[in-house]
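To start, the structure under review is shown below, and the notes come after it.
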Amino acid sequence: MNYFPDEVLEHVFDFITSHKDRNSVSLVCKSWYKIERYSRQRVFIGNCYSISPERLIARFPGLKSLTLKGKPHFADFNLVPHDWGGFVYPWIEALAKSRIGLEELRLKRMVVSDESLELLSKSFVNFKSLVLVSCEGFTTDGLAAIAANCRFLRELDLQENEVDDHRGHWLSCFPESCTSLISLNFACLRGEVNLGALERLVSRSPNLKSLRLNRAVPLDTLQKLLMRAPQLVDLGIGSYVHDPFSEAYNKLKIAIQRCKSIRSLSGFLEVAPHCMSAIYPICGNLTFLNLSYAPGLHGNKLMKLIQHCRKLQRLWILDCIGDKGLGVVALTCKELQELRVFPSDPFEAGNAAVTEEGLVLVSAGCTKLNSLLYFCQQMTNAALITVAKNCPNFIRFRLCILDPIKPDPVTNQPLDEGFGAIVQSCKGLKRLSLSGLLTDQVFLYIGMYAEQLEMLSIAFAADSDKGMLYVLNGCKKLRKLEIRDCPFGDSALLEDVGKYETMRSLWMSSCEVTLGGCKSVAEKMPTLNVEIIDESEQMEFNLDDKQKVDKMYLYRTLVGHRKDAPEYVWIL
Amino acid sequence: MAFEKDLNLDATELRLGLPGTSDESAKNQTPATLRSNNKRALPEESMSSNATASKNCDQETAPLPKAQVIGWPPIRSYRKNNLQPKKSEGEISGIYVKVSMDGAPYLRKIDLKVFKGYQELLKALEDMFKFKAGEYSEREGYNGSEFVPTYEDKDGDWMLVGDVPWEMFTNSCKKLRIMKGSEARGLGCVV
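Protein chains in written order, with UniProt numbering: chain A, 1 to 572; chain B, 1 to 191.
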């Protein structure tokens, strides 16, 4: 291959798009490294502290698209204090100073300030796409800057962010000349939007394919928007509350029937369930349906809706669908690949309406199922064994029994055998989350069978260090391990510290690891940052090595200790 | 409500009794005792409580007190903060009121629950009965039309639609009547 001129190799590399493959290509030889780095346009950084923006810019001068992830996954569940880190500003600042022509920025679990959004909007002439998932720190003022300054904006996608809504006119800030929008998702905003501005924006965006509205957009406006954008492929309905005898509803029926391209439907943030029949005409084409924020839709109305959705591949739903409703899914949605069942009552765990029965029904009816997130009241080993037999293709299997240490209610046994069956049967399993009563045995199974496992989440499980050791020794492809409230201590942590360099990160909270153990890891592995997060001020006054550590987060890095850690984070 | 749970008010509450003991349930355990309980102790506890199932326990040991466990169940805080609680059956049934218009041969019924405010209600009434209501102002009522929307409140009085806050209106409105012509002038409408 060294006989080919660089241009040919570059052309060949153009066809290699996956990050993993491009990383591999760059390792072949110096010449390939050089060609690859100059031609690389898209970079994914799973942990923003593993590398610095300066080094990124130096290596990939042709960078156009950057994906960054900040806080560890358990930050989603309030286990990481707010100002722990994950600030995007330094990245944007560095990119702005360089000659990088950034076009796309995708952030997850990062702190994004209005200043960063403003700087972003003014620094890159060709900026096209901003995707923010589970981020925080910005207000609608920041969005106004993006709208006003990014002249060729194609995508503004806000997913589940905590945004301080100033009820401003950010939508009105899109200039009349902006006609390039392909995707606009502001479902997570809580405040009112200028409906007139929204209608005009949609009217002048002929390429708009994806539109997700927030709660403040009433049905009347929805109807007008659909009349102007019948080419939509992805629709998120804000408010779906109306009088079934009103003219607005009749107009909506007509408008929806014109939208023959809609394949993905979500929202229904407010819903009057007796008026779902207007939606039926588009149900037959849907491949993705997300009703996980629509608790008003349940019972017969919900089942009737689902019965129209024969082509569904992904379904996100609340547990008020019940086992019976899941039975309807099993009969109707033969193409189903991904199912997520969320709790409709996030605070009162005792009221989940789905059990192992619903899951078994779906596994029997939907044999293409490969991705599951299931919050349920209870689970049995027998059910899991059946599911494992019915669906050997699971890539992602996340089970959350709302009582985290509940045994099999029929046999009173731990769920080791059930999960064991899953990992044995599903040879391609990449992600697994466990719950229920579990002993060391389940980890023996995981270590033995889960050869492709990349991410494992454990809570309130195991009896001893053996559990963690089985996993660390067995799962060769493990990248992320997150553990809370398990009896794993220093001997498990220290058994094979080299392993952590092959992983992105390890999180352990409320376990038995001590300060001394953590220090030991840090000493032996200078390429890891070992962070102790302790807000209780214990660390200030009592630096006894035998002291148990509340939260430890360690991750591999090429750039040493970060400088932006708050007071209660100690980097050893 | 979510905020209170995060503050863990129960844990800082002063009460008599040893930490870890409870009144009816284990709900009053502090996070600290929770942590020391929930490692190896809990699996054993729940297994032994199964073995002695017939014995009367004053303490609920098997399930973890759900409200107290930080970060459990593992649901994104965005979802926790934004999921509207399921409406009770009563709310779903709606507030149906009769609507009459002077001169119309029969009455209609509408569900006040489906509207967010006066604007939407008036638009719906206008569509239903094919009329225009005119501009509302606090001082002069409805201006520019011979049709005036009124309602009968809980006290039996006929009131002008639009004077009180929306929620107060939906709670007190018993029926609607769209007055027309000379009768309407009595309510302060200037044609």
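By construction, the Cβ of each residue, glycine as well, lies at the ideal position given by its N, Cα and C atoms.
Cβ of residue 150 of chain A within 8 Å of Cβ of residue 127 of chain A?
-> Against a cut-off of 8 Å, the Cβ pair of residue 127 of chain A and residue 150 of chain A comes out as a contact.
Of the residues A:137, A:430, A:105, A:121, the one placed nearest residue 131 of chain A, counting alpha carbons only | Of all alpha-carbon atoms in A:137, A:430, A:105, A:121, the one lying nearest the alpha-carbon of residue 131 of chain A is that of A:105.
Of all the options B:73, B:121, B:76, which has the alpha carbon lying nearest to the alpha carbon of residue 151 of chain B?
-> Ranked by how close their Cα comes to the Cα of residue 151 of chain B, the residues B:73, B:121, B:76 have B:121 in first place.
From what residue to what residue does the alpha helix (DSSP H) around residue 653 of chain A run?
-> Because chain A in this structure spans residues 1 to 572, residue 653 of chain A falls outside the shown range and cannot be described.
Close Cβ partners of residue 521 of chain A (< 6 Å) along its chain, the five nearest in sequence each way excluded = Contacts found: 497, 530.
Along the chain, where does the beta strand (DSSP E) that runs through residue 400 of chain A open and close?
-> Annotation for residue 400 of chain A: the continuous beta strand (DSSP E) segment containing it runs 396 to 401.
Within 8 Å of chain B by C-beta, residues of the region 54 to 84 of chain A in sequence order | Under the 8 Å Cβ criterion, the region 54 to 84 of chain A contributes 74, 76, 77, 78, 79.
Name, in chain order, the residues that DSSP records as bridge partners for residue 507 of chain A.
-> For residue 507 of chain A, the beta-bridge partners assigned by DSSP are A:482, A:553.
Interface partners of residue 76 of chain B on chain A, CB under 8 Å = Going along chain A in sequence order, the residues near residue 76 of chain B (Cβ under 8 Å) are 76, 77, 134, 160.
Within the chosen definition, does the region 425 to 445 of chain A reach the region 397 to 407 of chain A through at least 3 CB pairs nearer than 8 Å?
-> Touching, yes.
Interface residues of chain A facing residue 70 of chain B [CB-CB closer than 9 Å] = Chain A residues near residue 70 of chain B: 77, 78, 79.
Hey, is residue 33 of chain A's beta-carbon within less than 8 Å of any beta-carbon in chain B?
-> Not a single CB atom of chain B sits nearer than 8 Å to the CB of residue 33 of chain A.
Less than 8 Å between the CB atoms is what I'm expecting for residue 340 of chain A and residue 266 of chain A, so what's the real figure, rounded?
-> With 8 Å as the limit, residue 340 of chain A and residue 266 of chain A do not qualify as a contact, their Cβ atoms being about 12 Å apart.
Please list the partners that residue 110 of chain B has in chain A, where partner means a Cβ-to-Cβ separation under 9 Å.
-> Around residue 110 of chain B, the beta-carbon contacts reaching into chain A at under 9 Å are 243, 245, 246.
Delimiting residues of the alpha helix (DSSP H) encompassing residue 13 of chain A = Segment 6 to 13, the alpha helix (DSSP H) holding residue 13 of chain A.
Under a CB-based cut-off of 8 Å, is residue 30 of chain B close to chain A?
-> At residue 30 of chain B, the pLDDT of 38 sits below 50, so the modelled position is not reliable and the matter cannot be decided from this model.
Which residues in chain A sit within 9 Å of residue 124 of chain B, going by Cβ to Cβ distance?
-> Under the 9 Å cutoff, chain A gives 242, 243, 245, 246, 247, 248.
Distance, residue 75 of chain B Cα to residue 23 of chain B Cα | Note on residue 23 of chain B: pLDDT 44, under 50, position unreliable in the model; no value is reported.
Assuming residue 483 of chain A and residue 507 of chain A form a contact by the criterion Cβ under 8 Å, report the distance between their Cβ atoms to the nearest whole angstrom.
-> Cβ-Cβ separation between residue 483 of chain A and residue 507 of chain A: approximately 7 Å, consistent with a contact (criterion under 8 Å).
Span separating the alpha-carbon of residue 167 of chain A from that of residue 204 of chain A | Cα atoms of residue 167 of chain A and residue 204 of chain A: separation of roughly 23 Å, rounded to the nearest angstrom.
Under 8 Å between the Cβ atoms of residue 243 of chain A and residue 111 of chain B?
-> Closer than 8 Å, so yes.
Confirm, please, whether the CB-CB distance from residue 90 of chain A to residue 80 of chain A is below 8 Å.
-> The answer is no: Cβ separation not under 8 Å.
Is DSSP giving residue 522 of chain A helix, strand or coil here?
-> Three-state result, residue 522 of chain A: helix.
Examine chain B for any beta-carbon lying closer than 8 Å to the beta-carbon of residue 342 of chain A, and answer yes or no.
-> By this cut-off, residue 342 of chain A is an interface position.
Proximity test, Cβ basis, 8 Å: residue 375 of chain A and chain B = Output row for residue 375 of chain A: interface = yes.
Candidates A:249, A:116, A:155: closest to residue 276 of chain A by CA position | Looking at the Cα atoms, A:249 is the closest of the given residues.
Taking just the CA atoms, how far does residue 376 of chain A sit from residue 72 of chain B?
-> C-alpha separation (whole angstroms): 13 Å.
Check the Cβ-Cβ distances between residue 195 of chain A and every residue of chain B, and say whether any is below 8 Å.
-> Cβ-Cβ to chain B under 8 Å: no for residue 195 of chain A.
Does the beta carbon of residue 79 of chain B come closer than 8 Å to any beta carbon on chain A?
-> It does: the Cβ of residue 79 of chain B has a partner Cβ on chain A nearer than 8 Å.
With 8 Å set as the bound, which would you pick, yes or no: does the beta-carbon of residue 330 of chain A sit closer than that to a beta-carbon of chain B?
-> Taking Cβ atoms only, chain B never reaches closer than 8 Å to residue 330 of chain A, which makes this a no.
Looking at C-alpha atoms only, which residue of B:155, B:156, B:163 is the closest neighbour of residue 148 of chain B?
-> When C-alpha distances from residue 148 of chain B are compared across B:155, B:156, B:163, the shortest belongs to B:163.
Option in A:549, A:214, A:152, A:505 with minimal Cα separation from residue 518 of chain A = Shortest Cα-Cα distance from residue 518 of chain A to any of A:549, A:214, A:152, A:505 involves A:549.
Buried or exposed: which applies to residue 18 of chain A, given that a residue is buried once 16 or more other Cβ atoms fall within 10 Å of its Cβ?
-> Exposed, by the Cβ-count rule.
Within the 8 Å Cβ cut-off, does residue 164 of chain B reach chain A?
-> It does not; no Cβ of chain A falls within 8 Å.
Contacts that residue 98 of chain B makes with chain A (C-beta to C-beta distance below 8 Å) | Within chain A, no residue comes near residue 98 of chain B; the closest Cβ sits about 14 Å away, beyond 8 Å.
Own chain residues within Cβ distance below 6 Å of residue 66 of chain A, not counting five before or after = Within its own chain, the residues whose Cβ lies closer than 6 Å to the Cβ of residue 66 of chain A, once the five positions on either side in sequence are excluded, are 43, 105, listed in chain order.
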